[in-house]
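Trainee:
4 protein chains.
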Amino acid sequence: MVVNYYALCVNKTPVGVLGASGYAGRELCALIQRHPHLRLAFATANDQRGATVRLGGSDVTFVAPEDAPIGDAELVFSALPHGASKDWVSRVRDLGVRVVDLSADLRPGNGCEGIAYGLTEINRSLIAGAELVANPGCYPTSILVALAPLIERQLVASDALIVANSASGVTGAGNAPKREYLFAEVAEDYRAYGIGNTHRHLKEMQATLGTWGANADLVFTPHLLPVARGILSTITVPLATPLADPLLPWRERYGSEPFIEVTPETPSLHDVVHRNVVRISAIPLAGTRRPTLLVTSAIDNLLKGAAGQAVQNANLMLGVAETAGLPV
Amino acid sequence: MVVNYYALCVNKTPVGVLGASGYAGRELCALIQRHPHLRLAFATANDQRGATVRLGGSDVTFVAPEDAPIGDAELVFSALPHGASKDWVSRVRDLGVRVVDLSADLRPGNGCEGIAYGLTEINRSLIAGAELVANPGCYPTSILVALAPLIERQLVASDALIVANSASGVTGAGNAPKREYLFAEVAEDYRAYGIGNTHRHLKEMQATLGTWGANADLVFTPHLLPVARGILSTITVPLATPLADPLLPWRERYGSEPFIEVTPETPSLHDVVHRNVVRISAIPLAGTRRPTLLVTSAIDNLLKGAAGQAVQNANLMLGVAETAGLPV
Amino acid sequence: MVVNYYALCVNKTPVGVLGASGYAGRELCALIQRHPHLRLAFATANDQRGATVRLGGSDVTFVAPEDAPIGDAELVFSALPHGASKDWVSRVRDLGVRVVDLSADLRPGNGCEGIAYGLTEINRSLIAGAELVANPGCYPTSILVALAPLIERQLVASDALIVANSASGVTGAGNAPKREYLFAEVAEDYRAYGIGNTHRHLKEMQATLGTWGANADLVFTPHLLPVARGILSTITVPLATPLADPLLPWRERYGSEPFIEVTPETPSLHDVVHRNVVRISAIPLAGTRRPTLLVTSAIDNLLKGAAGQAVQNANLMLGVAETAGLPV
Amino acid sequence: MVVNYYALCVNKTPVGVLGASGYAGRELCALIQRHPHLRLAFATANDQRGATVRLGGSDVTFVAPEDAPIGDAELVFSALPHGASKDWVSRVRDLGVRVVDLSADLRPGNGCEGIAYGLTEINRSLIAGAELVANPGCYPTSILVALAPLIERQLVASDALIVANSASGVTGAGNAPKREYLFAEVAEDYRAYGIGNTHRHLKEMQATLGTWGANADLVFTPHLLPVARGILSTITVPLATPLADPLLPWRERYGSEPFIEVTPETPSLHDVVHRNVVRISAIPLAGTRRPTLLVTSAIDNLLKGAAGQAVQNANLMLGVAETAGLPV
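Protein chains in written order, with my numbering: chain A, 1 to 328; chain B, 1001 to 1328; chain C, 2001 to 2328; chain D, 3001 to 3328.
(1) Which residue from C:Asn2175, C:Ala2116, C:Glu2152 puts its Cα closest to that of asparagine 2135 of chain C?
(2) Name, in chain order, the residues that DSSP records as bridge partners for glutamate 2261 of chain C.
(3) Spell out the partners DSSP gives histidine 223 of chain A in its beta bridges.
(4) At the 8 Å Cβ level, is glycine 1308 of chain B part of the contact set with chain A, yes or no?
(5) For threonine 2171 of chain C, does the count of other Cβ atoms within 10 angstroms reach 16, so buried, or fall short, so exposed?
(6) For proline 14 of chain A, which beta-bridge partners are listed by DSSP?
(7) According to the Cβ coordinates, are asparagine 1165 of chain B and asparagine 165 of chain A closer than 8 Å?
(8) I need the straight-line Cα distance from leucine 232 of chain A to glutamate 2188 of chain C, nearest angstrom please.
(9) By the three-class DSSP mapping on this structure, what secondary structure does leucine 3303 of chain D have?
(10) Which one or two residues does DSSP pair with leucine 2182 of chain C in a beta bridge?
(11) Leaving out the 5 sequence neighbours to the left and right, which residues in its chain are closer than 7 Å to valine 3272 of chain D when beta-carbon positions are compared?
(12) Name, going along the chain, the residues of the stretch 2143–2170 of chain C whose beta-carbon falls closer than 9 Å to a beta-carbon of chain D.
(13) Taking 7 Å as the limit between beta carbons, can you name the residues of its chain near valine 1003 of chain B, skipping five residues before and five after?
(14) Any beta carbon of chain D sitting closer than 8 Å to that of tyrosine 1006 of chain B?
(15) Between the stretch 183–195 of chain A and chain C, which residues of the former have CB atoms less than 9 Å from a CB of the latter, in chain order?
(16) Given 8 Å as the limit, is there contact between the stretch 2137–2155 of chain C and the stretch 2187–2201 of chain C, that is, 3 or more CB pairs closer than that?
(17) So what's valine 3272 of chain D in DSSP terms, helix, strand or just coil?
(18) Since arginine 1098 of chain B is in the beta strand (DSSP E), which residue starts that stretch and which ends it?
(19) Taking the alpha-carbon positions, what's the serine 2064 of chain C to glycine 2025 of chain C distance?
(20) Going residue by residue through the stretch 2080–2120 of chain C, where are the continuous alpha helix (DSSP H) segments of at least 4 residues, counting only ones entirely within it?
(21) Taking any Cβ of chain A, which residues in the stretch 2057–2080 of chain C have a Cβ under 7 Å from it, in chain order?
(22) Using the rule of at least 16 other Cβ atoms within 10 Å of the residue's Cβ for burial, across every protein chain shown, is glutamine 2309 of chain C buried or exposed?
(23) Nearest to histidine 2037 of chain C by alpha carbon, out of C:Lys2012, C:Ser2256, C:Thr2044?
(24) Any beta-carbon of chain B closer than 8 Å to the one on arginine 2179 of chain C?
(25) Compute the distance between the beta-carbons of aspartate 2067 of chain C and serine 2085 of chain C, then report whether it is under 8 Å.
(26) For a contact defined as C-beta to C-beta under 8 Å, what are the partners of valine 2328 of chain C on chain A?
(27) By Cβ distance below 6 Å, which residues in the same chain neighbour tryptophan 1250 of chain B in space, the five residues on each side in sequence not counted?
(28) Taking the beta carbon of glutamine 2312 of chain C as the centre, do at least 16 other beta carbons fall within 10 Å, making it buried, or is it exposed?
(29) Could you check where the alpha helix (DSSP H) with alanine 3064 of chain D kicks off and where it finishes?
(30) Within the same chain, show all residues whose beta-carbon is closer than 8 Å to that of alanine 1173 of chain B, passing over the 5 residues directly before and after it, in chain order.
(31) Taking 8 Å as the CB-CB cut-off, is methionine 3001 of chain D touching chain A?
(32) Assuming alanine 3041 of chain D and valine 3015 of chain D make a contact with CB atoms under 8 Å, what is their CB distance in whole Å?
(33) Tell me whether alanine 3167 of chain D is buried or exposed, calling it buried when 16 or more other Cβ atoms sit within 10 Å of its Cβ.
(34) Going along chain D in order, which residues have a C-beta closer than 8 Å to the C-beta of alanine 228 of chain A?
(35) My guess is that glycine 1057 of chain B and arginine 1034 of chain B are in contact by the Cβ rule of under 8 Å, so how many angstroms apart are they, rounded?
(36) So serine 268 of chain A contacts chain B; which residues on that side make the cut at Cβ distance below 9 Å?
Have a look at this one:
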């Protein structure tokens, strides 16, 4: 039996990508190219305008942003750099076209409240009805999805200090040529950055935790890993009371979620790369006077941490199956 | 002017290495081979007995443990596996030969109190007069040297939860062939292990902090990095009171130490690999209600975390310059 | 429009995998799990019997070989080790079940002539009618597919010495735990092995070139790369006569092949990993007295070099679309 | 016994480094800082002028080239980029200061004949008396030192095609920020470049082989490895006559050389990195009609392939021990 997949897909929805030459933009194009219900109407790039690259099994030619036929698309993804995205989002919205913005410009804590925040599993109905979605940062996705069940069930100790250590592959830093990201600088190295609670993603998380009613302080320290992709967050959470079953909050909250995996084994990057999932585990800490939980959470920074969650949100906005075109 | 280095070194002290074929054992041999005042009397191996390998610029042939001329050495390093080391240490001590034991067998928290614990910068005079030294674990070295100035000055908040996240290169796991440490399993991966406060090094640290009078709980979560060598520890410490100069405790405590570097920049593995140093930084955390410090500490797990500190201790025990033969 | 893919696939053909726990075996299971026309009837493992692993988006539990319901399958892939595969292939064939054998046991040059050799693009019609196919080695696939157009068109100088240097990722060595393949041994290293024309794959290539009427000597030197997957072969070929268009032989021979890419740019591993393709380029060598061509050829050793080509062959044998279930 | 090394070294010779901020320049500074008879008079950098970096165990501050006190040095190393070095070399020579130039500007095949070519083991006496030495390229060092004994003894077949495939770590490409050398571009990748005999080092090798009377054609294909440092060259050489002992030419030629190692085992990068050696092996190829040899040769591209050989040459020019300050 040979299925004619092409025939199944004639009515694909046109979508565009602004800022397609970076790592997240390329991943977006690849997902769209393989998507059963979407087709790539255009993909823009600045320095690399005119270049043709193979993404998702077929060729994509980048056009200059000013040449993009924005009105041809029903939805536009912006993977433009922080700061540059906001104006383009306005321009697209003025044409009545829906937007998923992958930049930090419109996320919580950036002075632009009232915009749907695209943590899909948390804000699903809000996203489904939105014309504009601010797609979460990669670190916030790994940490907030892991913390939500504890916050919602008020399991965190009052006035607690939540300590989140995260480590990310270098694609998280983009593909602009910088000396510090050269192979010989990154290989066999490992370091913290954004130390002292200074990373931009902190305020995105603090603002979101605030809307959830959390009363905890958050310490967030990202690290640079000598790997291409993947984020692991290791989170220490003081609890209001011990948990008999440490995985229960996640199992109850996310039991039917197709893109969230709750496991007794601590997740590793290999478990999640090239997949649009958050994989979470939790274990009580031995030998501490107050009950404390160690939560670990792993994602692919380019998929569930960027392009994958963006497509998941777009699926909701366009009314197609939420899981369509997303690898698990 | 050509110096005859050989002539300077005729009276080298003979030392032996038990368990020389592992990564720490090989590093020990390499250091001894290049040491101005030590010479390698023997190096033992089990599976690799008879093998000749180039270490420290010249060849070393491993002999079977039972063929080791222990009495020819003035000091023996044991890099035998945990559990196997204890009996050999007894045997060597019965011959009146001094020992630096790199295994965990005789360290604090393992039921063998009263043995000099070889954190050189903390226990220098004790070590100088000892016949037997328990060389610290790699993670404890990176964490305890970083915490000591805060504990000694009683700067840690009472009842604090100190959260230490560490990441280590795979040489820390030894060179026994195991599937989980194959290149294709480790490359592009990253994961926590010993989660829930279950790693053997925790009790070594707890026991030592206890002897220092610390009243804090410790959370210790090690991670496996896709690098060959190096450890970075990222430590969150609630403070009793804010610090005007966050580096001052370390600068005062370690100001004249040749192997401790205190820097405003957060250290990376590249700063410390192939060097016998601990490199430490600290920065206050913004946005937390109670004063909290983020301390980062980096070492080479095979040098300051194992063979280097062992030679540093042996230098003290043998009365030669503490820095002799140790790369900075 | 939401497609019910499940409904499209109810009549999937059952296939089994012997030796599923190695890298090639796992890749086979993953391909089968995602295949539109195949389903996994069983997967066997020895040491790892009983283990459940996630492959191709769903869980696979390995059964002991003796418990495999071989008769339930219409085709069995053997990814058993060389030497062990032959007997199992006989057993499966005795049950009348078709086989694709990924081991070296039945390949050309191993004393078992007369068996269809699964270089799909070369032996397509033979494979389509075969009950038993010997799937080619990874290095031979990269080299023979690249050389075939030159041999067939008699473009190689008579009595030429063809020099093939290949480099492979470490999954090519399997996942049995051996010290030489530990991360710390492979990372930052690179070396030749099987030197002096002693690698097992040489006779497979020589025998095949012989059947094609080639009169050239072959030098084959494999190297071990610090990457997980991918093979690049760099081949120097003395020509009978200069080529006006160096890519023409491949473009003519493989112009309509879905899994062969002929490009003016020299291919890299990144171009081919996770794809079932051979990517080939060729360029004349400047400054040599006799016309000489440099041919480069890249594959994913686990896909086109093993599991991917095996599925491609099975697709032919089972009468489904040759490209079904294979990533490009 | 504590040696006062400082007292031994009061009469160190001042040397300078132009272009010290690149990988080779940094390695030079590190070697000089640890050298028993040299001291660093100055180190220049352009973009990084004013920066202080730790090299060879102590701090080095880069000065602008125009501020360098060239006349204070007895010898200057130029690690400036190709093209830019030539003028600075003239300027330094005009002040009567000796020069070792690590750029390609003055090497054989670049139109500047008559300048001593710094293959130390080949041109030792010429170098010892020279005021200006053109330090060889990294690839040429690995290949020419390996070929010299065969050429000198006229063991290569007349009109032979010598095929040299080399693979290098990325420090060979320098530390200027370019997208193609970012970690995520290089890790898990491998590719040929300079294909078709177009790499700049080819003419350097051809010109040198010409002066040695070689009558062979050379094919040279470099590859980019995902490692920081090291070069392995795999060279196929048709012989005039079979060799009874394939290692004899090298053993006779280099038997007493402190920096050349001839071994029956094929060398790997791990054997040579951080060491100033060329490690060579050779083995006859089985199954070829004409006698053919496979020669493998490994170096550290930053040491024997650049800074190490430069210091070795400077040692000769300054009349100190040739091995001084060079790691083996």
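Glycine included, each C-beta is placed from N, C-alpha and C at the ideal position. All of these numbers come straight from a predicted model, not from anything done at the bench.
Mentor: On the basis of the data shown:
(1) Checked all of C:Asn2175, C:Ala2116, C:Glu2152; the closest Cα to asparagine 2135 of chain C is C:Ala2116.
(2) C:Arg2279
(3) A:Ala167, A:Ala192
(4) no
(5) buried
(6) Beta-bridge pairing links proline 14 of chain A to A:Arg39.
(7) yes
(8) 24 Å
(9) In the structure shown, leucine 3303 of chain D falls within a helical segment according to DSSP collapsed to helix, strand and coil.
(10) B:Leu1182
(11) Gly3230, Arg3279, Ala3298, Ile3299, Asp3300
(12) Asp2159, Leu2161, Val2163, Asn2165, Ala2167, Gly2169
(13) Only weak support exists for where valine 1003 of chain B lies, its pLDDT of 40 falling under 50; the value from the coordinates is given anyway. Counting only residues of its own chain and dropping the five nearest sequence neighbours on each side, valine 1003 of chain B has no CB closer than 7 Å to any other CB.
(14) Low confidence applies here, because tyrosine 1006 of chain B scores a pLDDT of 45, under 50, leaving its location unreliable and the question unanswered by this model.
(15) Taking 9 Å as the Cβ-Cβ cut-off against chain C, the residues of the stretch 183–195 of chain A that qualify are Ala187, Glu188.
(16) yes
(17) helix
(18) Start and end: 1098–1101.
(19) As written in the sequence, residue 2064 of chain C is alanine, which differs from the serine given in the question. If you take the alpha carbons of alanine 2064 of chain C and glycine 2025 of chain C, they lie about 14 Å apart.
(20) Listed in chain order, the complete alpha helix (DSSP H) runs (minimum 4 residues) inside the stretch 2080–2120 of chain C are 2085–2094.
(21) Of all residues in the stretch 2057–2080 of chain C, Gly2057 have a Cβ within less than 7 Å of some Cβ in chain A.
(22) buried
(23) The option with the nearest alpha carbon to histidine 2037 of chain C is C:Lys2012.
(24) It does; some Cβ of chain B falls within 8 Å.
(25) no
(26) Gly57
(27) Pro1149, Val1262, Ile1280
(28) buried
(29) DSSP places alanine 3064 of chain D in no alpha helix (DSSP H); its state is neither H nor E.
(30) So the list reads Tyr1181, Leu1224, once near-sequence residues are dropped.
(31) The predicted position of methionine 3001 of chain D is uncertain, since its pLDDT is 35 and thus under 50; a value taken from the coordinates is nonetheless stated next. No, its Cβ sits nowhere closer than 8 Å to a Cβ of chain A.
(32) Their Cβ separation, rounded to whole angstroms, is 6 Å, which keeps alanine 3041 of chain D and valine 3015 of chain D in contact under 8 Å.
(33) buried
(34) Those are Phe3183, Ala3184, Ala3187, Glu3188, listed as they occur along chain D.
(35) Right, their Cβ atoms sit about 6 Å apart.
(36) Asp1189, Tyr1190, Arg1191, Ala1192, Leu1224
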